[in-house]
Each structure stands twice: as C-alpha cells, then as structure tokens.
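Trainee: For reference, the structure I am asking about is given below.
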C-alpha cells in the first residue's frame, strides 16, 4: 500500500468494496459495518460541503470517543477538509487560541459538549434533530471532486494537530494525505494488521497516535474498537471485544495489570522512551513493537522489529516504507554508527509545516542535502544513534522540548504561563526522574515579591494549559542557580521536598490510613505522607494515581482511580476503601553477462580516448595501531560487496563500450593495497611522498583490466593515526558512492578488528541491472517524446565565452588553470537552509540563480539566457523497482539547462531587493519544467541511437556546473575521528593529463563543514589560452555578491511566496506576484 498519491477517502473506499459487510467500528453504544460507515460519512460530508468545507479548509472536532467521531473524521476528509481536534478537557484559554488560530469553517460537536466551545465557533451539533435530519436526507453515494469546492489531492491537509510551543502559544502542525498510505503500509507490515485484527482506539484525538490507530485499522480492513473505559477498564474491554492490538505510551503500559493483556496480542509502545523492564514484562508471548515519530512526520517514522527481553536498550527501529532518517552532527554531516547525533527525517510523510508560522516552518523544515532539489529535512530535536544491527536508538532531546507520559511538551510554554502570574519573577521548569521511570515536571519559582501559595500557582497553570503540562511540584527559591558562564545550572536545582512532612501532624487513625500514607509516600518517592495531604499537591497525577490504585489492590485495599481523583487524601480515601483479598502472585536476476554503459559513460567515450587516469579520490584517518590483516580483510570485504569495484571495461573494435564484473575474490588484495612507511617523517616529507604516491596510484588504475581501485596506506608509525588514500576510476564511483563506500569500509574494519567476518548491508540493485534498465527506458515512448524539449533548449549558437571556441585536440587537462574561492560560513548557511525553505526550492536552485545573474553582469548584460551543463546525481526513479541507496558506481546525469533570471538592475540585485527573489522563482520554475530532473537527456543522447543522431550535432554548453553537496573533512590529527575524511595528504589530479576538457569554464562547488559551520568551496577550471584569470575572478566575485544578496533577501520575512505548481489553478508567476502584492497591501505580508 505504498501509494503516496492516493488520498484517504480513496484508500477507505477500497476497503469498503472488499469488506462492506464486515465490522468497521465497535463502540459502547453501537457498531457499524464498512458499508454503513461509508454511507453515514458520505452523507455528513455533503452536509459539510454545503457549509463551505473543502480542500485547504479546516473543521474543528469536539466529540467523545464514539462511532460518530469516526464518521465525522471520514466525512471531513471526504468533503476535502482537514480536522482540528479540540479536547473538551482543555482549558478555555487554550481552546480559544486554537479556534482563533485555525479559523475552522465549523466545529462538529454534540449538545452535551457545545457549551465548551469558545464564543464565535460555528457549531455543527450532530445530535441536534435539525442537523441529523438534514444529514439523513442527503445522498450516501461517494463524494466526487466535482461536488467539492476544489479537487482533493495528496498534498491537501488531512489534519492539524496542536503541539506545545516554546513561545507560550501552541503551534498547529499541518499534515497532508501524502504520507498516510506509507503510515498504513508500515503498520500493516510491522504490526501484522489485517481484516482479522481488532485494534483498541485508546489515545486522545489530540495526540497524533490516534490517527495511526484509526487509519491503521480502517485502511487495512480491520475493526476499530472504541471505549471510554480508560486504563482502569482495559482488561474488561480487551476480553469482551476480542481486542488483538493495543497502542499506548510506555508509562501507561507500566501501570497495566499483568493479566489485562492476554498472550498472543500485538502491543505497540511509543511516544516516550521504553525501558527494558517493560519489554521483559510484556514481550514474552506477545508481538511487542516500539514506534517512533514526531507529529511533523505523519505519526510514525521508524518501527522496531518485534522486541525480545534481554536488550539493555530498546531500539526505535528502522524507517517505515517511504521514510528516510539521518543522524547528523551540528553541520548536517552524517555521524558514524554508534555516535550520537541529532535525528532528521525526510520523505513523503513530512508535514507541510506550522499553520500560519512561516518563519518557524523555515527554521525546522530545512533543505535536504541528501535528496533532489526541493526535498526537505525535518529537524526533530531528538538525539539518536545507529546500533550494530542497523537500528536507531533514542538518546534524549537536543533542546528544551521533552516528552512526559507520551506528550510532547515545550518547557518554555509552561515557563511563559507562569511568568504571567504577578507573583512570579523568574522561573525554570525541568523534567526530573528522581525515581527510575518516574518522569515528572517540576517548576522552580523565584518570587517577584510575596510568594504565591503553591495551590494558586497550580490553578494558574491548570486554567491555561492541559493537565499533562501542569507541574507536579513547585519549588520556591531565592534565586535560580547559574553556572560560571551565567547559564541556568540545571544540575543545581534541588529535588522537591515534601514541605508539609516537616510539620507536626497527627498520625494515621487506623490501619487503612496507615497503609495509604505509606503507599502515597512509595509512589510519590517521599519519606512519609500525612493523612490530610493532597495526592496531587504532593506531585501525583493521573498516571501515578493508577499506580497507587494497583499498589493498594496488591496490598488488599480496594480503591478506584475516580476515588483518588475526587478524594485526594489518605484520610478521605480510607473512609471509603474496603479490605479485599490481595491477588495471587503470578538474487540478483541478472548476475552474469555483459551490460552497457550508463549515459555519463557514453559522454566520456565521445569526449576523449585518454581516460585511464580519470578518477575520484578520498583520504581517511586510520585508527592508531591498525593491523594490516584487519585492513586487508576490510578492503577485501568492501571490494567483494560492491561490484563496481571489480568492474572491467571492454572496448569493441567499433569503439563501443561494454562492462563485465570480475568474480568475488578478484583482484587480489596485494594488487589493490600499497603500504608506504612514513614513520618518523617530517611534515614536508609526508607532503612530498604522499603527492608522489597519489599520482602513482592513479597511474596504476586499469579499467580495461578490471582494476578500478587503488588503496595506499600511509603508515605514520604506532604513535600517530595513519592515512588511507583511496583512488577509484570514475567509471566505478561518483560523489554519492563515497557516502556508501567509506562507512562500509569503516564498518568492515570494525568487524575484522573484533575478530568477526565483516557483514555489510545488502545492495538492493546492482549497477548492471540499472544500466540495463536505463537502456530499456531510453526507448520508451514517454521518454522519446522529450526529444523536442532538448532540441529546442539547445537550438541557437552562443557567442564564445573565451578568445576562441573550445578545441578538444588542444584544450586538454594539462592546459587547465585553476582558481579556488570560498564563501564564508555566515553567508553559506542561509543558502543551504533559510533561502531554499523560504522559496520551497533546492540548494541548486539558489546557487544557479546567483550564477545566472552573475554571468549576465560579467557579460555586461541586464538580462538574457545562460546555457550550461548541469550535473545531477542521476539516481532518480527511472527503473521500476530499483533502489540505488546502497549502490556504488558512476550514475551521474549531465544535461543542459537554459536559465533566464529575467531583467534586473544589478544595484537592486546586490542590495537583496525583491528582484532577486523574482529571479530565484523564475530559475526554480525553469529547472522544474525540465522533465525528470534532466535524466532523459542522457538516455536519448547516448543510449538510443535514433534520438542520439538528432541531438549530437547541436551546440554544447560552454559552462559546466556541479554542486556536489555537503561534506565534512578534518585537517589533521587534532580534529576528526577515525575513518573520517582528511585533506592533509596529497591526492592525484582528477583528470588524465591528455583528457579533453568538456567546457570553456568548469565550476565545481561543495559545502564544506568547518568549525564555524559550512562554507561554500568553489573550484574554477579553464584552459589557460581561453580565459584570463582576472576575468574568471571577476565572475567568481559577482557570483558571491549575488549569493550574499540572496542570503540577505531570504532573511526578510516577506521573502518567498508561491509559484505556479503550488496552486490548484493555472496562474503565471507574474499574476501570483501581483496577487501577493495586493494582499500585502491589504493585510500584511502573505505567510
């Protein structure tokens, strides 16, 4: 069910067609079949449409857990709208804010709850006879797009969930339909949900897990069981309704009696860290799965395999279908396995952003450096690491957001509320875990004058925030402790004490009071409790109250949770508690034969006959004292695992190329690895020797002999970490491949050093299968039809950039001149994050906009088109079923683009004015207009003989541009980690000296991480007789001027705006700009 483009109503309709008579929903008052649920939701959907509900419009939902709730959620989606949960238990202030912020068309509720709605909320009271009668008279047929206000698409909002906000106001997360199919597919696979399953809907609708419960059941054909019984009645509901699946936070599961969930069930925990003790208790005899996912990523991102007792740490698993996760350092570099980094998420499940909060959206949803232009990363704020099994392990929070009892909480929001109390001068709120597994909120208050009573502060917070955000304890301090540098010293905040316990008080009056006082102290982690002390004032909450009831029952005293909530003190509870008997203790299908070249290899074949030395290289730092046998074992494992490192080129008499792969075990490690002894060498000697050995390694490359790899081990002695230089022929590697190759080599060495056989993750799709798939794709009609696009793009000769036209016989690599330029981190960082986010663009879009503007200035033009060759990673979804995420090889795509940034005054451009924003929008749309991210050009130009002849005679671009992404390197022993890249030794030139140069000017850029963040490192290369260095330097400076201006412009809150593909109606960019300008004039900048 991995169907990203299918909306929820269509997914549900498929289940209706399959299982119309099957039970879909079982509630306390009624049950509905799939057909009945379909009919009722269709009728209500039409009623909502008549009120103005449709795509991009919101509907508040304030309903009890009932069949009507499920009917309403489906009806909102069928009408095209998105639902906003409104919990009637929330304080009035919070509900007022949520309604005002989301501006729903209406709020669906009942007569009993209608009085909880804020004033001005347009209610739809579903049990009002007038409403129910009007709904009953409507058609129960499916609602087509023609009846909606606009078509419903995968990118239309599905729900808006409000989460805690650090500024003191919650933020609404806008989740679209696009990720729901993947969510359901992931749950179906890992939870084994099918038409026989009965899942308990346990979670509040305000918590996004409720969506996983509801849609994960109904879109898989199962039965959704709804009950208001809560934890206290869980066992009875599970037994009576035949529940097979339950989802709940670990802290809630910890309070459930052991006999409440029978063997054979599926138990899903999530929302907070799961302790191993819980797994040991519940996993035996059951399928137990740990789930992880932020609200901003359609509920679930990773799922563990079924858990087993014995693990010291419970993993959060691997990504579900469609999701991608990255563990990165502060410069967005992937960290090695075992190292803690911040967790980032990408994929179709990412939310659109925060409702009406464009700046916050741009801050948290950043451009993804690991995907095609326009893709985004969500910064979760969670810390994680990869374990040896390739699963993620949660490692805490990177910011002030925490999880308590499964709820995400911004501590700053609680602090902001407390600071609005007139008696509070300073405040700090933290989560304490003074007893293992018992996480609670504690507020530390410095009074502004006379201290306010604790009960008053508690009421102040409870009147403005949900119950789960009310601190369990309030501690009054004279001053907040600080560290020497003036920051809050969280470790210096004292544990809460039971101040009343120091008072003289009467002892318990009977055995029941005595037992309850002891149990209060036990569950609240206090030394003792008096009979008249309030459970909640002492730090109790609804979850701990369940623990108290369980402890009392084990001791033979019968209580209910409701009694604890209402009576609160040991004395009052003792009056109603009764003695009771305590419970008893209990293959690759194309693995042989030749395969043809990739398109980029066809480009190289036509360009030059001198390619033996054409290479890419990387140097890494080795562990001190590394053993030669371990390094050899690791290298052998990696070469055997990745076919491209055993690839052999065959050149036919007519000049055509084909490839084969040498058997596993070839070539011998001795032919691959050279050790160079540099123990005791000076820095100058190291530099000289490594440069010479690097060139020698390049000269040993022999692609026609099946020897595309050379490794050089520079052994600096036992006291210093050595260096390993890897030189790989470009036919076998590209930039993306290094992100696979280097981690695999490090992992293989770790296995070898530990005495085990290296075990590397599988390669789903081989390079040979991809090459064959591309050859087939080049002849498909939908690809051949692109021919006219590329012919029109290349039509018309350009004036020479240099002193003459490029001559491949003269302009070879040996004649190249080079210039290196660097844009500092302060200007680079916005180009990678803020600017792409503001314009929903990719980093390439930003860089190319600046370059097109700079070229026009360089050529003394106020406008005009710029033709250049653009490199891409070439790993697009072209071959059905292929997955190149683990494949090493040369997959680069090279295609022409013609960019027109529009007429612009350079003074306005360099000032960062609106003109540069218009230019970025124009360039972005021109790049988006190219079919398939340009991959089709190479297919038609080099793999399809019929179309190749039509393209071969057209002019070639004189400029070449390649942005290789973001990398981290270390410059020496004092920085970096073992197996991290370094740049302190010599590397060979990339090109064979006699290799023809493809462009008058080549521009290669990369974002290189340093101590201050990423800087843009650019290498400019050109034949020395064609251009003068001052001319190239002038273009480089103009480009950096334009990029600085783009960074400044992106910081303006008014920057950004919509582009044509983002709208459901056909408007030109100029029309969109005009509309936005009118809106700005009327109501401020459009967010």
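Residue numbers (the numbering used here): 54 to 1140.
Positions of the beta carbon are idealized from the N, C-alpha and C atoms, including for glycine.
Nothing here was measured: the structure is a model prediction, and the numbers come from that model.
1) Taking DSSP as the reference, what is the three-state secondary structure of residue 572?
2) Spatial neighbours of residue 909 within its chain, please: C-beta separation below 6 Å, excluding the five flanking residues on both sides.
3) Note down, one range per segment and in chain order, each beta strand (DSSP E) of at least 3 residues found wholly within the region 465 to 512.
4) Just tell me which of 160, 198 and 253 has its CA closest to the CA of residue 321.
5) Whose C-beta lies closer than 6 Å to the C-beta of residue 558 among residues of the same chain, with five residues either side of it excluded?
6) What are the boundary residues of the alpha helix (DSSP H) that residue 146 is part of?
7) Report yes if the CB atom of residue 787 is closer than 8 Å to the CB atom of residue 1050, and no otherwise.
8) Can you confirm whether the region 670 to 680 touches the region 727 to 737 when touching is taken to mean that 3 or more C-beta pairs between the two stretches lie within less than 8 Å?
9) Less than 8 Å between the beta carbons of residue 261 and residue 229, yes or no?
10) Below 6 Å CB to CB, which residues in the same chain sit around residue 346 once its five sequence neighbours on both sides are set aside?
11) Check whether the Cβ atoms of residue 401 and residue 362 lie closer than 8 Å to each other.
12) Is it right to say residue 833 is buried, meaning 16 or more other beta carbons lie within 10 angstroms of its own, or is it exposed?
13) Are the CB atoms of residue 903 and residue 1095 within a distance shorter than 8 Å?
14) Provide the residue span of the beta strand (DSSP E) that contains residue 1074, from first to last.
15) Would you call residue 652 buried or exposed, if buried means 16 or more other Cβ atoms sit within 10 Å of its Cβ?
16) Could you spell out where the beta strand (DSSP E) holding residue 768 opens and where it closes?
17) What are the start and end residues of the alpha helix (DSSP H) that includes residue 1085?
18) Excluding the 5 residues preceding and the 5 following residue 327 in the sequence, name in chain order all residues of the same chain whose CB lies nearer than 7 Å to its CB.
19) Specify, as a first and last residue, the run of the beta strand (DSSP E) that residue 254 falls within.
20) Determine, using beta-carbon pairs with one atom in the region 970 to 977 and one in the region 932 to 945, whether at least three such pairs fall under 8 Å.
21) Could you check whether residue 942 and residue 790 sit closer than 8 Å to each other, using their CB atoms as the reference points?
22) Using a 10 Å radius around the Cβ and a threshold of 16 neighbouring Cβ atoms, would you call residue 987 buried or exposed?
23) For residue 1019, does the three-state DSSP call read helix, strand or coil?
24) What first and last residue would you give for the alpha helix (DSSP H) that runs through residue 963?
25) Excluding the 5 residues preceding and the 5 following residue 443 in the sequence, name in chain order all residues of the same chain whose CB lies nearer than 6 Å to its CB.
26) Specify, as a first and last residue, the run of the alpha helix (DSSP H) that residue 244 falls within.
27) Pick helix, strand or coil for residue 670, following the three-state DSSP scheme.
28) Given a cut-off of 8 Å on the beta-carbon distance, is the pair residue 728 and residue 714 in contact?
29) Name the two residues that bound the continuous beta strand (DSSP E) containing residue 991.
30) Quick one: residues in its chain with C-beta nearer than 6 Å to the C-beta of residue 133, no 5 flanking neighbours on either side, listed in chain order?
31) Measure the CB-CB distance between residue 950 and residue 923 and report whether it falls below 8 Å.
32) Under the three-state reduction of DSSP, which class applies to residue 951: helix, strand or coil?
33) Have a look at residue 1108 and residue 412 and give me their C-alpha separation to the nearest angstrom.
34) DSSP state of residue 63, grouped into three classes?
35) Cutting at 7 Å between CB atoms, please list the residues of its own chain near residue 1048, excluding the five before and the five after it.
36) With C-beta atoms as the reference, is residue 1067 less than 8 Å away from residue 878?
Mentor: Let me spell this out:
1) As a working mapping, residue 572 is identified with position 519 in the chain shown. DSSP places residue 572 in helix when its eight states are reduced to three.
2) In the chain shown, the residue the question calls residue 909 occupies position 856. The residues are 917.
3) Fully enclosed beta strand (DSSP E) runs of no fewer than 3 residues occupy 477 to 488 and 491 to 500 of the region 465 to 512, in order along the chain.
4) For the purposes of this step, residue 321 is taken as the residue at position 268 of the chain shown. Looking from the CA of residue 321, the closest CA among 160, 198 and 253 belongs to 253.
5) For this step, residue 558 is matched to residue 505 along the chain shown. Interpretation of residue 558 is limited by its pLDDT of 45, a score under 50 that renders its predicted location unreliable; the figure taken from the coordinates is listed afterwards. Excluding positions up to five away in sequence, the list reads 583.
6) By one-based count along the chain shown, residue 146 stands at place 93. Note, residue 146: alpha helix (DSSP H), 145 to 155.
7) Taking the chain shown and counting its residues from 1, the one referred to as residue 787 is at position 734. Taking the chain shown and counting its residues from 1, the one referred to as residue 1050 is at position 997. No; because the gap between Cβ atoms is not below 8 Å, this pair is not in contact.
8) By the Cβ test, the region 727 to 737 is not in contact with the region 670 to 680, since fewer than three Cβ pairs between them sit closer than 8 Å.
9) Along the chain shown, read from residue 1 onward, the residue named residue 261 stands at position 208. Along the chain shown, read from residue 1 onward, the residue named residue 229 stands at position 176. Not closer than 8 Å, so no.
10) Reading the chain shown from its first residue, position 293 is the one you call residue 346. Result list for residue 346: 352, 353 and 354, in chain order.
11) Position 348 of the chain shown holds residue 401. Position 309 of the chain shown holds residue 362. No, Cβ-Cβ distance for residue 401 and residue 362 is not below 8 Å.
12) Position 780 of the chain shown, counting from 1, holds the residue named residue 833. Here residue 833 is exposed: its Cβ has fewer than 16 other Cβ atoms, across all protein chains shown, within 10 Å.
13) In the chain shown, the residue the question calls residue 1095 occupies position 1042. In the chain shown, the residue the question calls residue 903 occupies position 850. At the C-beta level, residue 1095 and residue 903 come within 8 Å of one another.
14) To locate residue 1074, count along the chain shown from 1; it is residue 1021. From DSSP, the beta strand (DSSP E) with residue 1074 extends over 1066 to 1076.
15) Stepping through the chain shown from its first residue, residue 652 is reached at position 599. Using a 10 angstroms sphere on the CB of residue 652, the tally of other CB atoms reaches 16 or more, which defines it as buried.
16) Residue numbering aside, residue 768 sits at position 715 when the chain shown is read from its first letter. According to the DSSP assignment, residue 768 belongs to the beta strand (DSSP E) that extends over 762 to 768.
17) Here residue 1085 refers to the residue found at position 1032 of the chain shown. Per DSSP, residue 1085 belongs to the alpha helix (DSSP H) from 1082 to 1103.
18) Here residue 327 refers to the residue found at position 274 when the chain shown is read from its first residue. Setting aside the 5 residues that flank it on each side, residue 327 is surrounded in the same chain by 303, 343 and 367, each with a C-beta closer than 7 Å to its C-beta; the list follows chain order.
19) Walking along the chain shown from the start, residue 254 turns up at place 201. Residue 254 -> beta strand (DSSP E) spans 251 to 254.
20) These segments do not touch.
21) Numbered from its first residue, the chain shown carries residue 790 at position 737. Numbered from its first residue, the chain shown carries residue 942 at position 889. In this structure, residue 790 sits near residue 942, with a CB-CB distance shorter than 8 Å.
22) Counted from its first residue, the chain shown places residue 987 at position 934. Residue 987 comes out buried.
23) Here residue 1019 refers to the residue found at position 966 when the chain shown is read from its first residue. Residue 1019 falls in the strand class under three-state DSSP.
24) Looking up residue 963 in the chain shown gives position 910. Judged by DSSP secondary structure, residue 963 falls within the alpha helix (DSSP H) whose first and last residues are 959 to 963.
25) Within the chain shown, numbered from 1, the residue matching residue 443 stands at position 390. Counting only Cβ-Cβ distances below 6 Å, and skipping sequence neighbours, we find nothing.
26) For the purposes of this step, residue 244 is identified with residue 191 of the chain shown, where counting begins at 1. Secondary structure note for residue 244: its alpha helix (DSSP H) is the uninterrupted segment 233 to 244.
27) As a working note, residue 670 is residue 617 in the chain shown. Strand, per DSSP.
28) By 1-based counting over the chain shown, the position of residue 728 is 675. By 1-based counting over the chain shown, the position of residue 714 is 661. When the beta-carbon positions are compared, residue 728 and residue 714 stay at least 8 Å from each other.
29) As a working note, residue 991 is residue 938 in the chain shown. Careful: residue 991 lies outside any beta strand (DSSP E), inside the alpha helix (DSSP H) at 988 to 991.
30) Stepping through the chain shown from its first residue, residue 133 is reached at position 80. Around residue 133: 107, 108, 201 and 205.
31) The sequence position of residue 950 within the chain shown is 897, counting from 1. The sequence position of residue 923 within the chain shown is 870, counting from 1. Pairing residue 950 with residue 923 gives a Cβ-Cβ distance under 8 Å.
32) Walking along the chain shown from the start, residue 951 turns up at place 898. For residue 951, the three-state secondary structure derived from DSSP is strand.
33) Mapped onto the chain shown, residue 1108 falls at position 1055. Mapped onto the chain shown, residue 412 falls at position 359. Residue 1108 and residue 412: Cα-Cα distance of roughly 10 Å.
34) Against the chain shown, residue 63 aligns to sequence position 10. In the structure shown, residue 63 falls within a helical segment according to DSSP collapsed to helix, strand and coil.
35) The residue you call residue 1048 lines up with position 995 of the chain shown. Answer for residue 1048: 661, 663, 664, 667, 865 and 866, listed in chain order.
36) The count along the chain shown starts at 1 and reaches residue 1067 at position 1014. The count along the chain shown starts at 1 and reaches residue 878 at position 825. Yes, the Cβ-Cβ distance between residue 1067 and residue 878 is below 8 Å.
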